[in-house]
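**Student:** Chains Y and U, in that order, are what the protein sequence lines are.
Reminder that position 20 of the first sequence reads as 20 in our numbering, one-by-one numbering, no gaps.
Count along the second sequence starting at 1, add 1000, and that's the number in our numbering.
Ideal Cβ placement from N, Cα and C applies to all residues, glycine included.
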Amino acid sequence: MPNLKILAVDDSPTMRRIIVNTLKRAGFEDVSEASDGKDALAKLKTDKFDFIITDWNMPEMDGLTFVNSVRSDPELQSLPILMVTTRSVKEDIMQAIKAGVNNYIVKPFTPETIAEKINQVLASA
Amino acid sequence: MPGKNPEMVDKIRRELNELTSSIGKMMELFRQIKQPIQESSEKVPSTTMQLEKVTQQTEKATHKVLDIVELLTNRNSEIIEICQKIESTIESGLGKNAEIGKLLDQIKNNANANLGDTMVIMEALQFQDITSQQIDHAVSQLEDVEGKLKTLLVSTGMAKETEIVQNGRKNRAFDPNAKYDAVHQNQQREVDDLISSIVKTD
């Protein structure tokens, strides 16, 4: 497994813990957490990351606004982003892809799905 | 009064009396419905508090289960490591022993199966995030009803604005369509197909 530094963004402490554990089991050991888009942007300013996994529905700054902010920042715009959300409506998925997410996972997800999608995104980068 | 028409005056008086009586009845009706409306709007905060407690308690319970899952994961990973160490120690001292090797493989297989099961538990625990979003949606709708009832009380004059207790609304982020689908692989497949079609079109 590549030694990726991943930032997991989710307002639910339960989901953050599940994502971190799932990633560790898949071989991704270096995972940091942020509780919403605003917190994530602050962390991206002070630390370097290789990959972002973000939820959509979050207070303060939602996932879509966060993706737009990352994509409009010249220093961050090339970071791969995987969205992990409960939103499964076609229009939402299209909106997320247009905003610039590299792939999309619907909750609840299997551990295999998250590892598979990360590898897909990395392979196509 | 010049041009006074007694019949007309009488008619107007009768209509004014009827109007006064109707207004009186309406006021009585307002007085009757004021209490249930006020009570209903006052019940919303305690109901939302109860629902929030459900979220807090399920979150607490989920984290307890996660504590145990993490312990199990670590223990099973250790068991696999110990088996590997035993294998290499035996091999370096006594050479390969088929029988011991088989037994160690069995232990490792069981530990790996346990690790797989912990991941299944972790997958199922995602229900907590999904149900908390569903509860947030319900709470948000209750708060909307509370707001409308309070507006009704003020706009109909049943209560003064100063008498209404305004409860601050929390900033809630939720998907109104969030659902926990036990067989969720199909849902992901549909998403994958959609993304493939978007990428192909572009």
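How would you label Met-1027 of chain U, buried or exposed, when you count the other beta carbons within 10 angstroms and need 16 or more for buried?
**Tutor:** Here the question's residue 1027 of chain U lines up with position 27 in the second sequence. Exposed, because fewer than 16 other Cβ atoms sit within 10 Å of the Cβ of Met-1027 of chain U.
**Student:** Could you tell me how far apart the beta carbons of Arg-1172 of chain U and Asp-1136 of chain U are, in whole angstroms, since I believe they sit closer than 8 Å?
**Tutor:** Along the second sequence, read from residue 1 onward, the residue named residue 1172 of chain U stands at position 172. Along the second sequence, read from residue 1 onward, the residue named residue 1136 of chain U stands at position 136. Rounded, the Cβ-Cβ distance is 5 Å, consistent with contact.
**Student:** Could you check if Glu-1007 of chain U is buried or exposed, using at least 16 other CB atoms within 10 Å of its CB as the buried criterion?
**Tutor:** Position 7 of the second sequence, counted from the start, is the residue given in the question as residue 1007 of chain U. Exposed: under 16 other Cβ atoms inside 10 Å.
**Student:** Determine the direct distance from the alpha carbon of Arg-1014 of chain U to that of Val-1154 of chain U, and round the result to whole angstroms.
**Tutor:** Looking up residue 1154 of chain U in the second sequence gives position 154. Looking up residue 1014 of chain U in the second sequence gives position 14. Their backbone Cα atoms lie some 32 Å apart in a straight line.
**Student:** Ile-93 of chain Y versus chain U: which residues are under 9 Å apart at the beta carbon?
**Tutor:** One-based indexing of the first sequence puts residue 93 of chain Y at position 93. Chain U residues near Ile-93 of chain Y: Val-1191, Leu-1194, Ile-1195, Ile-1198.
**Student:** Which chain U residues sit within Cβ distance under 9 Å of Phe-109 of chain Y?
**Tutor:** Residue mapping note: residue 109 of chain Y aligns to position 109 of the first sequence, counting from 1. Within 9 Å Cβ-Cβ: Glu-1123, Gln-1126, His-1184, Gln-1188.
**Student:** Pull up the distance between the alpha-carbon of Gln-1133 of chain U and that of Lys-1053 of chain U, whole angstroms please.
**Tutor:** What you label residue 1133 of chain U is simply residue 133 of the second sequence in a count that begins at 1. What you label residue 1053 of chain U is simply residue 53 of the second sequence in a count that begins at 1. Straight-line Cα distance between these residues: approximately 13 Å.
**Student:** May I ask you to check if the CB of Leu-1194 of chain U is nearer than 7 Å to at least one heavy atom of the ligand GTP?
**Tutor:** Judged by which ligands are present, the structure shown has none, so any question about the ligand GTP falls away.
**Student:** Counting only beta-carbon separations shorter than 8 Å, does Gln-1141 of chain U have a partner in chain Y?
**Tutor:** Taking the first residue of the second sequence as position 1, residue 1141 of chain U is located at position 141. Output row for Gln-1141 of chain U: interface = no.
**Student:** Under a three-way DSSP split, which group does Lys-1108 of chain U fall into?
**Tutor:** As a working note, residue 1108 of chain U is residue 108 in the second sequence. Three-state DSSP puts Lys-1108 of chain U in a helix.
**Student:** Within the chosen definition, does the region 106-123 of chain Y reach the region 12-25 of chain Y through at least 3 CB pairs nearer than 8 Å?
**Tutor:** As far as the Cβ criterion goes, the region 106-123 of chain Y touches the region 12-25 of chain Y, which means the pair count is three or higher.
**Student:** Using 8 Å for Cβ pairs, my map puts Asp-1129 of chain U next to Ser-12 of chain Y. What's the rounded Cβ distance?
**Tutor:** Your numbering for residue 1129 of chain U matches position 129 in the second sequence. Your numbering for residue 12 of chain Y matches position 12 in the first sequence. Indeed, because the Cβ distance is near 4 Å, the residues count as touching under 8 Å.
**Student:** Lys-1148 of chain U and Ile-1164 of chain U look like a contact to me (Cβ under 8 Å); what is the Cβ gap, rounded to whole Å?
**Tutor:** The residue labelled residue 1148 of chain U in the question sits at position 148 within the second sequence. The residue labelled residue 1164 of chain U in the question sits at position 164 within the second sequence. About 12 Å; that fails the 8 Å criterion.
**Student:** In whole angstroms, what separates the C-alpha of Gly-37 of chain Y from that of Ala-1159 of chain U?
**Tutor:** Locating residue 37 of chain Y in the first sequence gives position 37, where the first residue counts as 1. Locating residue 1159 of chain U in the second sequence gives position 159, where the first residue counts as 1. The straight-line gap from Cα to Cα measures roughly 42 Å.
**Student:** Contact criterion: CB-CB distance below 8 Å. Does Thr-54 of chain Y meet it with respect to chain U?
**Tutor:** Stepping through the first sequence from its first residue, residue 54 of chain Y is reached at position 54. No, Thr-54 of chain Y does not count as interfacial toward chain U.
**Student:** Please go through the same chain and pick out, in chain order, the residues whose beta-carbon is closer than 8 Å to the beta-carbon of Val-9 of chain Y, but skip the five residues on each side of it.
**Tutor:** Within the first sequence, residue 9 of chain Y is the residue found at index 9, counting from 1. Around Val-9 of chain Y: Glu-33, Ala-34, Ser-35, Asp-36, Gly-37, Asp-39, Ala-40, Ile-52, Ile-53, Thr-54, Asp-55, Met-58, Gly-63, Phe-66.
**Student:** Could you tell me how far apart the beta carbons of Thr-1048 of chain U and Glu-1143 of chain U are, in whole angstroms, since I believe they sit closer than 8 Å?
**Tutor:** Indexing the second sequence from 1 puts residue 1048 of chain U at position 48. Indexing the second sequence from 1 puts residue 1143 of chain U at position 143. With 8 Å as the limit, Thr-1048 of chain U and Glu-1143 of chain U qualify as a contact, their Cβ atoms being about 7 Å apart.
**Student:** Using a Cβ-Cβ cutoff of less than 7 Å, which residues in the same chain neighbour Ser-88 of chain Y once the five nearest sequence positions on both sides are dropped?
**Tutor:** Residue numbering aside, residue 88 of chain Y sits at position 88 when the first sequence is read from its first letter. So the qualifying residues of the chain are Val-106.
**Student:** Would you verify that the beta carbon of Asn-1171 of chain U is, or is not, closer than 8 Å to some beta carbon of chain Y?
**Tutor:** Within the second sequence, residue 1171 of chain U is the residue found at index 171, counting from 1. Judged by the 8 Å Cβ criterion, Asn-1171 of chain U is in contact with chain Y.
**Student:** Nearest-angstrom Cα distance between Asp-99 of chain Y and Ser-72 of chain Y?
**Tutor:** Position 99 of the first sequence holds residue 99 of chain Y. Position 72 of the first sequence holds residue 72 of chain Y. Per the sequence shown, the amino acid found at residue 99 of chain Y is Ala instead of Asp. One C-alpha to the other measures close to 10 Å.
**Student:** Hey, could you find the ends of the alpha helix (DSSP H) Phe-1127 of chain U is sitting in?
**Tutor:** Here residue 1127 of chain U refers to the residue found at position 127 when the second sequence is read from its first residue. Unbroken alpha helix (DSSP H) run through Phe-1127 of chain U: 1127-1155.
**Student:** For the region 14-40 of chain Y, list every residue whose C-beta sits within 7 Å of some C-beta in chain U, in sequence order.
**Tutor:** Flagged, chain order: Thr-14, Met-15, Arg-17, Ile-18, Asn-21, Thr-22, Arg-25.
**Student:** Quick one: Cα of Asp-47 of chain Y to Cα of Leu-7 of chain Y, how far?
**Tutor:** In the first sequence, residue 47 of chain Y corresponds to position 47, counting from 1. In the first sequence, residue 7 of chain Y corresponds to position 7, counting from 1. If I take the Cα positions, the gap works out to 10 Å.
**Student:** Below 8 Å on the Cβ atoms is my guess for Ala-1111 of chain U versus Ile-1080 of chain U; work out the distance and round it to an integer in Å.
**Tutor:** Here residue 1111 of chain U refers to the residue found at position 111 of the second sequence. Here residue 1080 of chain U refers to the residue found at position 80 of the second sequence. Right, the Cβ-Cβ distance comes to about 5 Å (below 8 Å), so this counts as a contact.
**Student:** Relative to the C-alpha of Lys-1043 of chain U, which residue among U:Asp-1067, U:Thr-1058, U:Glu-1146, U:Glu-1059 is closest?
**Tutor:** On the second sequence, residue 1043 of chain U is found 43 positions in, with the first residue counted as 1. When each option's Cα is compared against that of Lys-1043 of chain U, the closest is U:Glu-1146.
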